[in-house]
Amino acid sequence: MEELLGVALRLTIMYFYALLVLRLAGKRALGDLTALDFITTLIIGDMFDSVIFGDQSVPAAMVGIGSIVLLHVLISLVTLRNTRLRHALLGDRPVALVHSGRLQRKNLARQRIGEHVLAALLRLQGLDLETEKNEIKLAALESNGMLSLIEMEDAKPAQKADLGALRRLM
Amino acid sequence: MDVNELLLIAFRATIVYFVVLFVVRVLGKREVGTLTAFDLIVSLIIGEGVDEAIYGDVTMDKFLVLVGSVAAWHLLNSWASYKSKLVDRITGAEPRVLVKNGKLDRKALAKERMPEEELMAELRLMGVDEIKEVKTATLEQNGQVSVLLEDWAKPLQKGDLPASAKAKG
Numbered sequence: 455m456e457e458l459l460g461v462a463l464r465l466t467i468m469y470f471y472a473l474l475v476l477r478l479a480g481k482r483a484l485g486d487l488t489a490l491d492f493i494t495t496l497i498i499g500d501m502f503d504s505v506i507f508g509d510q511s512v513p514a515a516m517v518g519i520g521s522i523v524l525l526h527v528l529i530s531l532v533t534l535r536n537t538r539l540r541h542a543l544l545g546d547r548p549v550a551l552v553h554s555g556r557l558q559r560k561n562l563a564r565q566r567i568g569e570h571v572l573a574a575l576l577r578l579q580g581l582d583l584e585t586e587k588n589e590i591k592l593a594a595l596e597s598n599g600m601l602s603l604i605e606m607e608d609a610k611p612a613q614k615a616d617l618g619a620l621r622r623l624m
Numbered sequence: 005m006d007v008n009e010l011l012l013i014a015f016r017a018t019i020v021y022f023v024v025l026f027v028v029r030v031l032g033k034r035e036v037g038t039l040t041a042f043d044l045i046v047s048l049i050i051g052e053g054v055d056e057a058i059y060g061d062v063t064m065d066k067f068l069v070l071v072g073s074v075a076a077w078h079l080l081n082s083w084a085s086y087k088s089k090l091v092d093r094i095t096g097a098e099p100r101v102l103v104k105n106g107k108l109d110r111k112a113l114a115k116e117r118m119p120e121e122e123l124m125a126e127l128r129l130m131g132v133d134e135i136k137e138v139k140t141a142t143l144e145q146n147g148q149v150s151v152l153l154e155d156w157a158k159p160l161q162k163g164d165l166p167a168s169a170k171a172k173g
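Below is the structure:
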């Protein structure tokens, strides 16, 4: 019974600590993750477990988790304005995979992305690589591993403004 | 728990942090944003090792070996899958077409052990009203269903409008 209370108590303490810590770590630790956010979430995720079950003492866990978050915040601040440093440390420059309808083969090779994988990534965006290649202005692999897609002007969704003069006739 | 021990934990946490940072950096973007299950597994394995290392339950050299081995194998897997179609097929399930030209492929659905209800839910989540709107629906390697619409069902694009209409009036 006492053990169970211990678990409940530690859980409560760590829960509020987690809230505080995530607040400090910032929104992006929860949403789309850049490499930096990913690391932080990865590391602290596991650390909460062991303390809740009593394998580690609460102060030990707090120091451990706190250190990781502090490092995260520190690196975020340091790399915030210094672009060169950020690219060197985190490698988070987006990589163009398709530009103006043409496959960027060098980049694809460097990222070890085969053409069938590229096709799959584009399918997930609703685009058929074979037939609609020329609609792509830029398809880039972003730092969080997702593919961003920008269409050629004509392929963009129509806006009310495009109807222009026609609208007055309708 | 004395101050020295706590400081030691902070110190180990710092080392672990930069080790993981380096590994994630080296493995590259695709390993961070997942398309195959391996990426998730790697994260879990490293995550577990991190916990032990920070608290000192495992010595730092063992941790480095763990991380190094996992990273090395993952890199090898990634490279081999890229070079060889056979390896790719073994290590990652092939994408399977579930709907072709508006028609549901029940055999394919059965092979993936996916109930029709679930597929319809996925389509709805993509804003698809009727199955005939779908040219190709594919169950991708990462478990997501991708949808390519029939031409007539696609949203209107700027290029679809007659040129005269586009002139702002």
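So the sequence lines, in the order shown, correspond to chains A and B. As numbered in the working numbering, residues 455 to 624 make up the first sequence, in order. As numbered in the working numbering, residues 5 to 173 make up the second sequence, in order. The beta carbon of each residue, even a glycine, is placed where N, CA and C say it ideally should be. None of these values were measured; they are calculated from a predicted model.
On a Cα-Cα basis, can you pick out the residue from the options that is closest to residue i?
i: B/S73; options: B/L90, B/T63, B/V46, B/D61; result: B/V46
i: B/G51; options: B/M64, B/G60, B/V71; result: B/V71
i: B/V54; options: A/L576, A/I497, A/Q579; result: A/I497
i: B/E144; options: B/L68, B/T18, B/M130, B/R100; result: B/R100
i: A/S602; options: A/P548, A/L459, A/R564, A/T495; result: A/P548
i: B/T18; options: A/I522, A/L620, A/A615; result: A/I522
i: B/T63; options: B/V20, B/H78, B/L79, B/A125; result: B/V20
i: B/V103; options: B/D164, B/I94, B/A114; result: B/A114
i: A/M516; options: A/G499, A/L531, A/S530, A/L528; result: A/G499
i: B/F67; options: B/A75, B/L12, B/A57; result: B/A57
i: A/P628; options: B/I13, B/A76, B/L127, B/Q161; result: The structure shown does not extend to residue 628 of chain A, since chain A spans only 455 to 624, so no value can be given for it.
i: A/D503; options: A/L528, A/T466, A/L539; result: A/T466
i: B/W156; options: B/K136, B/A141, B/Q148; result: B/K136
i: B/F22; options: A/Y471, A/L525, A/M455, A/L463; result: A/L525
i: A/M468; options: A/M455, A/E456, A/T495, A/M501; result: A/M501
i: A/L505; options: A/R535, A/G460, A/H541, A/I529; result: Note that residue 505 of chain A is Val in the sequence shown here, rather than Leu. Closest option to A/V505, Cα to Cα, is A/G460.
With 9 Å as the threshold, decide whether the Cβ of residue i is near any Cβ in chain A.
i: B/R100; result: no
i: B/T63; result: no
i: B/A17; result: yes
i: B/K162; result: yes
i: B/G173; result: Note on B/G173: pLDDT 45, under 50, position unreliable in the model; the coordinate value appears next. By this cut-off, B/G173 is an interface position.
i: B/E52; result: yes
i: B/K104; result: no
i: B/I94; result: no
i: B/E126; result: no
i: B/D55; result: yes
i: B/A14; result: yes
i: B/L10; result: yes
i: B/P119; result: no
i: B/I58; result: yes
i: B/E154; result: no
Does any residue of chain B bring its CB to less than 9 Å from the CB of residue i?
i: A/L539; result: no
i: A/Q613; result: yes
i: A/G568; result: yes
i: A/L617; result: yes
i: A/I506; result: no
i: A/G499; result: yes
i: A/A593; result: no
i: A/L531; result: no
i: A/V517; result: yes
i: A/H553; result: no
i: A/G520; result: yes
Quick check on the DSSP output: the beta strand (DSSP E) that includes residue i runs from which residue to which?
i: A/E605; result: 601 to 605
i: B/T142; result: 138 to 143
i: A/L583; result: Looking at the DSSP string, A/L583 is not in any beta strand (DSSP E); the run it does join, the alpha helix (DSSP H), is 583 to 586.
i: B/K158; result: Where B/K158 is concerned, there is no enclosing beta strand (DSSP E), given that its DSSP letter is neither H nor E.
i: A/I590; result: 590 to 595
i: B/R100; result: 100 to 104
i: B/L165; result: First-last for B/L165: undefined, no H or E at that position.
i: B/A97; result: Here B/A97 belongs to no beta strand (DSSP E), and DSSP marks it neither H nor E.
i: A/V549; result: 549 to 553
For the alpha helix (DSSP H) holding residue i, just list the boundary residues, first then last.
i: B/S88; result: Counting along the chain, B/S88 falls outside any alpha helix (DSSP H), and DSSP gives it neither H nor E.
i: A/V571; result: 569 to 577
i: B/K115; result: 110 to 115
i: B/L127; result: 120 to 129
i: A/A563; result: 559 to 564
So, under 8 Å CB-CB, residue i and residue j are touching, yes? Tell me the CB distance rounded to an integer number of Å.
i: A/G618; j: B/L152; result: Contact doesn't hold; Cβ gap of about 30 Å is too wide.
i: A/L592; j: A/A550; result: 6 Å
i: A/A615; j: B/L165; result: Their Cβ separation, rounded to whole angstroms, is 11 Å, which puts A/A615 and B/L165 out of contact at 8 Å.
i: B/G106; j: A/D608; result: Between A/D608 and B/G106 the Cβ distance is about 26 Å, and since that is not below 8 Å, they are no contact.
i: B/Y59; j: A/R566; result: With 8 Å as the limit, B/Y59 and A/R566 do not qualify as a contact, their Cβ atoms being about 35 Å apart.
i: A/E605; j: A/E589; result: 5 Å
i: B/K154; j: B/K139; result: The sequence given here has Glu at residue 154 of chain B, not Lys. 5 Å between Cβ atoms; contact.
i: B/V27; j: B/A75; result: 5 Å
With a threshold of 9 Å between beta-carbons, can residue i be considered close to chain E, or not?
i: A/Q510; result: Judged by its chain identifiers, the structure shown contains no chain E, and its protein chains are A and B.
Item to check | Whole beta strand (DSSP E) elements within the region 496 to 535 of chain A, 3-residue minimum | outcome: none
Item to check | Whole beta strand (DSSP E) elements within the region 48 to 87 of chain B, 3-residue minimum | outcome: none
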